[in-house]
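**Student:** Numbering (the working numbering), first residue to last: 3 to 427. In this text, a Cβ means the ideal position worked out from N, Cα and C, and glycines have one as well.
#1: Is there contact between the segment 62-78 and the segment 10-29, where contact requires at least three CB pairs shorter than 8 angstroms?
#2: If you check the beta carbons only, do residue 238 and residue 184 fall under 8 angstroms apart?
#3: Using a Cβ-Cβ cut-off of 6 angstroms (strictly less than) and excluding sequence neighbours within five positions of residue 50, which residues of its own chain qualify?
#4: In the structure shown, what three-state DSSP assignment does residue 271 receive?
#5: In or out: residue 111 buried (at least 16 other Cβ within 10 Å) or exposed?
#6: Measuring alpha carbon to alpha carbon, tell me which of 318, 195, 205 ends up nearest residue 161.
#7: Contact between the segment 308-316 and the segment 368-380 is defined here as three or more beta-carbon pairs at a separation below 8 angstroms; is this criterion met?
#8: In the DSSP assignment, what residue or residues form a beta bridge with residue 319?
#9: Would you mind stating whether residue 360 and residue 395 have Cβ atoms separated by less than 8 angstroms?
#10: Examine the Cβ distances between the segment 138-152 and the segment 167-185 and report whether three or more of them are shorter than 8 angstroms.
#11: Would residue 305 and residue 373 qualify as a contact pair, given that the criterion is a beta-carbon distance under 8 angstroms?
#12: Helix, strand or coil: which one does DSSP assign to residue 398?
#13: Report the option in 352, 215, 418, 230 whose CA atom is closest to the CA atom of residue 159.
#14: If we ignore side chains and look at the alpha-carbon of each, how far apart do residue 428 and residue 193 end up?
#15: Below 6 angstroms CB to CB, which residues in the same chain sit around residue 428 once its five sequence neighbours on both sides are set aside?
#16: Hey, would you say the C-beta of residue 152 is under 7 angstroms away from at least one heavy atom of the ligand NAP?
#17: Could you spell out the range, first to last residue, of the alpha helix (DSSP H) harbouring residue 154?
#18: Mapping the DSSP letters down to three states, classify residue 60 as helix, strand or coil.
#19: As an exercise, report each continuous alpha helix (DSSP H) stretch of at least 4 residues that is fully enclosed by the segment 326-361, in chain order.
#20: Anyone know if the C-beta pair for residue 157 and residue 207 falls short of 8 angstroms?
#21: Give me, in chain order, the residues of the same chain whose beta-carbon lies closer than 7 angstroms to that of residue 123; leave out the 5 immediate sequence neighbours on both sides.
#22: What does DSSP give as the partner residue(s) for residue 230 in the beta ladder?
#23: Would you mind reading off the limits of the alpha helix (DSSP H) that contains residue 85?
#24: Within the chosen definition, does the segment 326-345 reach the segment 273-291 through at least 3 CB pairs nearer than 8 angstroms?
#25: With 8 angstroms set as the bound, which would you pick, yes or no: does the beta-carbon of residue 190 sit closer than that to a beta-carbon of chain D?
#26: According to DSSP, which residues form a beta bridge with residue 428?
#27: For residue 46, which residues in the same chain have their Cβ closer than 7 angstroms to its Cβ, ignoring the five residues on either side in sequence?
#28: So, with DSSP's three-state summary, where would you put residue 127?
#29: Where does residue 168 fall in DSSP's three states?
#30: Please state the DSSP three-state secondary structure of residue 50.
#31: Should residue 413 and residue 264 be called a contact, given that it needs their Cβ atoms to be closer than 8 angstroms?
#32: Mind listing, in chain order, the continuous alpha helix (DSSP H) runs of no fewer than 4 residues lying wholly within the segment 6-49?
#33: Strictly by DSSP, which residues pair up with residue 419?
#34: Take residue 326 and list the residues in its own chain whose beta-carbon comes closer than 6 angstroms to its own, dropping the five residues that flank it on each side.
#35: Using the Cα positions of residue 285 and residue 291, report the straight-line distance between them to the nearest angstrom.
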C-alpha cells in the first residue's frame, strides 16, 4: 500500500493524471445519479474516495467507511461500494494494490484488463523492452530509462579496447572507443564519419552495422530522437525513421484503440444517460398524471429554457407511452419548426413537398438533430449519441449517427434533397 499523503500533488504523475481527469468527474456524476445521493451523501462519498487515494483509509475499508455516510440506510451501500471500486478505484489497481480483492468481497468480478500501467515509471519495464516494437527517444533518454541498454550490442563482432583485449561490442564499449579515438570535444557528422575511417574496430563492420553505430553516436551527441528496438540476440537496433511496416502496425493499433475507446464512450454515455432519464421520468409521471399530452408542452417549454435533461426525459416518456408520432402529427409547433428547418436547408420547394409525415426517417432524424444539437446546443457527438438512444426507443433500425474515423467523432447522418425527396445519405 502507498505511503500516507497529504494532497494529490504528492501522487505519482501517472496516478495524478488519472485522478484529475475529466473521466473521473464524469464517473462521480454518474455515481451520484445512479444512487440518487443527496448533496451531503455525495460530499461524503468524494471525501471517502479522496482518503483512500491518499492512503489514509485502506482500500478494503471502503465499506466500513461508507457505513458512516449520512442517512446511509437510504442507500444500497454495498452496491455503491462496488460501483466506486469498479469505476474510481479499479483504474488505479496497480497503484492501490487490493482493489480486485475488494471487488470480489463485494460480490463483483474484477475486469480482466488493468487499464493503467504501473505508475512508478512512465516507460516500459526492463522485462517488457524486448516485446515492445519500437521505442522513440534520444540515446541519453533511453539509457536513463533502460540502463540495461548500455550492455546491449550495437554490432555483432567483438572489438578491441585500448589495451588490445577483445570486448563485447556493447554500447558502453563502443562509446569508450569513440571517445578514446576522437576525444570528447566537438560533435558533428564529419567527426563521426572520420571515426569510421580512423578506428580499427570499424573496418570490418557491414554497412548496416556502420549505420547503426552512426545513428547511436548522432543520437547520443546531438540529442536526436531515434527509434530503438531490442532483438532476440540482445542487439540494439537504431533507426532514424520508423520502418514502414512498424509505422503501419502502429497506425492500425492506434485506430483499433481509438475505435475501442469511442465504442466504450458511446456505450457508457447511453447507459449513464438512461439512468439519469429514469430519475427524471419518475418526476414527470407525477407531474403530468394521466394527461400525457402535457408532455408536448414540457418539451416545448424546456427547449426555450435550455433544460436538456427535462426535455429529453419528456421525449423518452412519450416514446415509452407510444404517443410520440401522434404528438408530432398533431402538434403544429413541432411540425412548424421542422418545416422551417427544411425550408432553410433545402428550399421552399422541399418544404412544400413535405406533408408533415414524421414516420419517415429523414424528417424524424431532422427533428432529433434540430432539438438536441440546434435548440439545446449540445455538442454534436453527444447529441448524436442521445439521438441514437431515442431512435432505438422509437423502434427504428437505421441509426441517425455514424462514426467518422478521420475526426474520431460521432456525427449526425446527412439528409439530402434530390428529385423532390428527402433521404438519409
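**Tutor:** Concretely, from the data shown:
#1: no
#2: no
#3: 67
#4: helix
#5: exposed
#6: 205
#7: yes
#8: Answer is none; residue 319 lacks a bridge partner.
#9: no
#10: yes
#11: yes
#12: coil
#13: 215
#14: A question about residue 428 goes unanswered here, because the residues of the chain that appear run from 3 up to 427.
#15: In the structure displayed, the chain extends from 3 to 427; residue 428 sits before or after that span and is not available.
#16: The ligand NAP is not part of this structure, which contains no ligands at all.
#17: Segment: none, residue 154 is in no alpha helix (DSSP H) and carries neither H nor E.
#18: coil
#19: 326-332, 334-348, 350-355
#20: yes
#21: Note that residue 123 has pLDDT 37, beneath the 50 cutoff, so the model's placement of it is unreliable and the number below is only indicative. Excluding sequence neighbours, residue 123 sits near nothing in its chain.
#22: 137, 240
#23: 79-86
#24: no
#25: Chain labels in this structure do not include chain D; a single protein chain is all it has.
#26: With the chain running from 3 to 427 in the structure shown, residue 428 is simply not present.
#27: 71, 72
#28: Bear in mind that the predicted position of residue 127 carries a pLDDT of just 46, short of 50, making it too unreliable to give a figure here.
#29: strand
#30: helix
#31: no
#32: 15-21, 24-36
#33: 424
#34: 320
#35: 10 angstroms
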